[in-house]
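*Asks:* A single structure is presented below for examination.
There are 2 protein chains.
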Amino acid sequence: MAQHVSPAGAPAVFRVPRASTVDLIARELRNAIYSGALGVGTQLGEIEIAQQLGVSRSPLREAAQRLVQEGLLTATPGRGLRISIIEGKQINDLYSARKAVESEAIRLLIENGDPDAMATVESAYEKLVIASQGRDPRTIGDSDLDFHWALVDASGSQRLRRYMSTLVLETRIASFSVSQGYVVRRNIAESHDTILAAIRAGDVEAAVAAVRALLDKAVARLTGRDSEDFDVETVEEPHHTGAIALEPITQR
Amino acid sequence: MAQHVSPAGAPAVFRVPRASTVDLIARELRNAIYSGALGVGTQLGEIEIAQQLGVSRSPLREAAQRLVQEGLLTATPGRGLRISIIEGKQINDLYSARKAVESEAIRLLIENGDPDAMATVESAYEKLVIASQGRDPRTIGDSDLDFHWALVDASGSQRLRRYMSTLVLETRIASFSVSQGYVVRRNIAESHDTILAAIRAGDVEAAVAAVRALLDKAVARLTGRDSEDFDVETVEEPHHTGAIALEPITQR
DNA sequence: GTATGTAGAATTGTCTACAAATACCACTTA
DNA sequence: TAAGTGGTATTTGTAGACAATTCTACATAC
């Protein structure tokens with residue numbers, strides 16, 4: 011995922027915003043969810059996680075509340091935290107949000123007309139093409155999400171970016187939740203080419219329509235309403251070995 | 011703001027999710043921001059707030075992290091928490107997000123065709139009309155935001171609702187940040203009538219376009235690029251008396 | 001008179017300990 | 001044997017205490 015970029019015209023020297031411990035923990039938790047190290051529905055014991063991260067329970071709990079706010083974790087009083095499950099109607103809801111965010115992102119991307127931003131999108135697309143030529147569905151799925159992320163990142167909107175970073179994770183959770191596997195389409199590159207072509211042409215409506223269609227297809231696939239599309243491949247998620255391993259927080 | 015509604019078809023009996031202390035604190039903080047009790051840019055001392063709320067620092071800090079994730083609070087290591095300031099380019103960003111969310115909400119609202127949902131929107135509109143006939147700009151501003159909230163709430167989308175609840179607060183913060191006053195248009199009802207008419211007619215594109223136009227106008231007003239529109243009124247925000255008062259958390 | 005360095009106070013960040021709620025398991029009983 | 005019940009153990013929720021960082025004020029040097 012791309013980094014933040016200093017806006018032009020801003021002062022040359024910023025107050026260095028060194029990341030707080032809570033930031034680092036939250037990031038680590040998100041990584042763990044994305045990678046699948048923390049499986050869907052997993053109840054997470056605070057002392058265990060805290061020990062693995064090399065921190066106390068307090069900052070861990072604070073970081074957890076951030077993910078709760080995002081909807082990635084579900085907190086039930088007296089019962090602690092578990093990774094949210096996203097299935098059923100939530101799938102539709104998730105993709106509604108994605109349609110909202112990605113549509114607006116495309117609009118901004120085209121309006122801004124920033125060549126650098128377009129370049130990163132093109133770059134993400136190329137990686138997607140290369141990945142789709144390979145045979146590893148996992149890699150394809152990753153580069154698919156990366157592309158959509160790049161799209162929103164290139165919009166330059168801080169809020170859309172924030173929303174999308176969560177939505178990416180939720181999409182990941184959803185694919186874990188639905189099948190306990192991982193479904194991707196093999197011919198994924200063509201449909202994305204349509205989007206990119208429209209963006210290049212500066213045709214907002216066409217690009218938006220293309221993304222919406224793409225996402226609608228994804229919903230149909232995930233909710234099992236699409237029995238005709240055989241060009242998919244299911245990959246089993248590696249079984250969780252019980253012992254989940256998180257990297258300790260460094261930098262202090 | 012309207013309350014959450016049980017989605018149809020959900021099990022009749024839920025595991026009663028009694029609100030956790032963190033929930034209550036977070037809600038109280040949001041209320042304080044919305045009401046202006048916690049002014050923009052205010053540094054909040056943890057011990058003081060915790061005492062006023064009648065809780066310890068631990069749950070307060072956890073609740074605060076939720077608002078940090080929302081972007082309502084800004085946390086700087088070693089320097090604690092302060093209410094975020096929203097001005098300049100952030101205004102554009104904020105309204106981009108609103109466009110994204112509200113556009114999609116309208117789309118869903120029309121697609122769903124739920125009479126009850128429409129009724130709540132109509133109700134919010136009526137209140138807006140009544141308020142706009144009065145002379146209190148503060149009331150008008152409130153009912154304006156309430157209407158937009160009702161729109162998104164009626165979409166039935168959990169995620170859009172979550173986004174919007176934050177965006178409403180941010181909009182409020184923005185109007186506090188820009189002028190240290192509160193700007194509203196007097197003839198606000200007509201423009202909203204356009205939206206509602208399009209929704210009633212089931213015309214998605216027209217409704218979406220109307221909302222986008224409305225929001226664009228708001229941006230222009232807030233960023234001061236709209237010197238021609240004289241039909242506005244500025245209200246001074248009541249001076250903060252230094253002593254901020256928060257209601258203690260009850261229910262245990 | 002301005003700027004720099006230092007000491008003190010206050011506030012935040014983290015940890016440990018205690019209280020309360022929940023889950024699990026054995027036991028009893030129909 | 002199955003269901004209900006009670007007790008125990010584990011986990012979470014909260015509070016208070018300690019450590020570290022930052023801000024403010026004052027003194028000193030240029």
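Same order as they appear, the protein sequences are chains D and G.
According to this note's numbering, the first sequence is numbered sequentially starting from 11.
According to this note's numbering, the second sequence is numbered sequentially starting from 11.
Beta carbons: idealized from backbone N, C-alpha and C, even for Gly.
Under 8 Å Cβ-Cβ, which residues of chain D neighbour G/TYR44?
*Replies:* Residues of chain D passing the Cβ test: none, with the nearest at roughly 17 Å.
*Asks:* Sort D/GLY64, D/VAL229, D/LEU70, D/GLN61 by Cα distance to D/ARG40 and report the nearest one.
*Replies:* With distances taken between Cα atoms, D/ARG40 lies closest to D/LEU70.
*Asks:* Where do the ends of the alpha helix (DSSP H) carrying G/ARG210 lie?
*Replies:* Its alpha helix (DSSP H) spans residues 198 to 210.
*Asks:* Can you give the Cα-Cα distance for G/ILE43 and G/ALA73, rounded to whole angstroms?
*Replies:* Taking the straight line joining both Cα atoms gives about 14 Å.
*Asks:* At a CB-CB cut-off below 8 Å, which residues of chain D make contact with G/GLU80?
*Replies:* The contacting residues are GLN79.
*Asks:* Between D/ILE209, D/VAL32, D/SER167, which has its C-alpha nearest G/ASN102's C-alpha?
*Replies:* It is D/SER167 whose Cα lies nearest to the Cα of G/ASN102.
*Asks:* Just how far apart, CA to CA, sit G/VAL131 and G/ALA228?
*Replies:* Answer to the nearest angstrom: the Cα atoms are 21 Å apart.
*Asks:* In three-state DSSP terms, what is D/ARG145?
*Replies:* D/ARG145 falls in the coil class under three-state DSSP.
*Asks:* Could you name the residues of the same chain whose beta carbon sits closer than 7 Å to that of G/LEU170, not counting the 5 residues immediately before and after it, in chain order?
*Replies:* If we look at G/LEU170 and ignore the five residues flanking it on each side, its Cβ neighbours are VAL111, GLU114, ALA115, VAL162.
*Asks:* Apart from the five residues just before and just after D/LYS109, which ones in its own chain have a Cβ nearer than 6 Å to its Cβ?
*Replies:* So the qualifying residues of the chain are ARG222, LEU225.
*Asks:* For G/ALA184 versus G/ILE96, is the C-beta spacing smaller than 7 Å?
*Replies:* A contact, by the Cβ cut-off of 7 Å.
*Asks:* Are the region 117 to 130 of chain G and the region 146 to 166 of chain G touching, with three or more C-beta to C-beta distances below 8 Å?
*Replies:* Contact between the region 117 to 130 of chain G and the region 146 to 166 of chain G is present, because at least three Cβ pairs lie under 8 Å.
*Asks:* Reducing DSSP to helix, strand and coil, say where D/ILE93 ends up.
*Replies:* The answer is strand: DSSP assigns D/ILE93 an E or B state.
*Asks:* Compare the C-beta of G/ARG169 against all C-beta atoms of chain D and say whether one is closer than 7 Å.
*Replies:* It does: the Cβ of G/ARG169 has a partner Cβ on chain D nearer than 7 Å.
*Asks:* Can you give me the Cβ contacts of G/VAL218 inside the same chain, cut-off strictly under 6 Å, excluding the 5 residues immediately before and after it?
*Replies:* Once the five neighbours on either side are set aside, the close Cβ partners of G/VAL218 are SER113, ILE116.
*Asks:* Whose CA, out of G/VAL214, G/VAL188, G/ASP203, lies closest to the CA of G/GLN100?
*Replies:* Among G/VAL214, G/VAL188, G/ASP203, the Cα nearest to that of G/GLN100 belongs to G/VAL188.
*Asks:* Mind checking D/ARG182: buried by the 16 CB within 10 Å criterion, or exposed?
*Replies:* Per the 10 Å Cβ criterion, buried.
*Asks:* Give a yes or no on whether the minimum CB-CB distance between G/ALA127 and chain D is below 7 Å.
*Replies:* G/ALA127 does not count as touching chain D.
*Asks:* Look at G/LEU54 and G/LEU91 and say whether their C-beta atoms are less than 7 Å apart.
*Replies:* Contact flag set, yes.
*Asks:* Along the chain, where does the alpha helix (DSSP H) that runs through D/THR31 open and close?
*Replies:* It spans 31 to 45 - the alpha helix (DSSP H) in which D/THR31 sits, taken as one unbroken run.
*Asks:* Considering only the beta carbon of each residue, do D/LEU63 and D/PRO258 sit closer than 7 Å?
*Replies:* Yes. Within cutoff.
*Asks:* Between D/ARG76 and chain G, is the shortest Cβ-Cβ distance under 7 Å, so that the two count as touching?
*Replies:* Judged by the 7 Å Cβ criterion, D/ARG76 is in contact with chain G.
*Asks:* Considering only DSSP beta bridges, list what G/THR84 is partnered with.
*Replies:* In the DSSP output, where bridge partners are listed per residue, G/THR84 has G/ARG92.
*Asks:* For D/ILE198 versus D/ASP154, is the C-beta distance shorter than 7 Å?
*Replies:* It is a contact, given that the beta carbons lie within the stated cut-off.
*Asks:* Taking the alpha helix (DSSP H) that G/ALA110 falls in, what are its first and last residues?
*Replies:* Run containing G/ALA110: 99 to 122, per the alpha helix (DSSP H) assignment.
*Asks:* Using a cut-off of 7 Å between C-beta atoms, extract the partners of D/ARG92 located in chain G.
*Replies:* What D/ARG92 touches in chain G: nothing, since even the nearest Cβ is about 13 Å away.
*Asks:* Can you confirm whether G/PRO87, when its beta carbon is compared against all beta carbons of chain D, has any partner nearer than 7 Å?
*Replies:* G/PRO87 counts as touching chain D.
*Asks:* Using the Cβ count rule (16 or more neighbours within 10 Å means buried), how would you classify G/GLY51?
*Replies:* Under this definition G/GLY51 is an exposed residue.
*Asks:* List the residues of chain G whose Cβ lies closer than 7 Å to the Cβ of D/GLU56, in chain order.
*Replies:* Result: empty, since nearest Cβ-Cβ is about 12 Å, beyond 7 Å.
*Asks:* Please list, in chain order, all residues of the same chain as D/HIS158 whose beta carbon is under 8 Å from its beta carbon, the five residues on each side excluded.
*Replies:* Contacts found: ARG108, GLU112, MET174, VAL178.
*Asks:* Within 8 Å, do at least three Cβ pairs link the region 206 to 220 of chain D to the region 141 to 149 of chain D?
*Replies:* With a cut-off of 8 Å, the region 206 to 220 of chain D and the region 141 to 149 of chain D do not count as touching, because too few Cβ pairs lie within range.
*Asks:* Verify whether the separation of the beta carbon atoms of D/GLU180 and D/LEU104 is less than 7 Å.
*Replies:* Going by C-beta atoms, D/GLU180 is nearer than 7 Å to D/LEU104.
*Asks:* Would you check whether the ligand FAD has a heavy atom nearer than 6 Å to the C-beta of G/ASP156?
*Replies:* Looking for the ligand FAD in the displayed structure turns up nothing, as the structure carries no ligands at all.
*Asks:* Let me know the secondary structure DSSP gives G/LEU54 once reduced to three states.
*Replies:* DSSP places G/LEU54 in strand when its eight states are reduced to three.
*Asks:* What do you get for G/PHE240, buried or exposed, if any count of 16 or more other CB atoms within 10 angstroms of its CB means buried?
*Replies:* Since pLDDT at G/PHE240 reaches only 44, below the 50 mark, its modelled position is unreliable, and no value is offered.
*Asks:* D/ARG40 CB to nearest chain G CB: under 7 Å?
*Replies:* By this cut-off, D/ARG40 is not an interface position.
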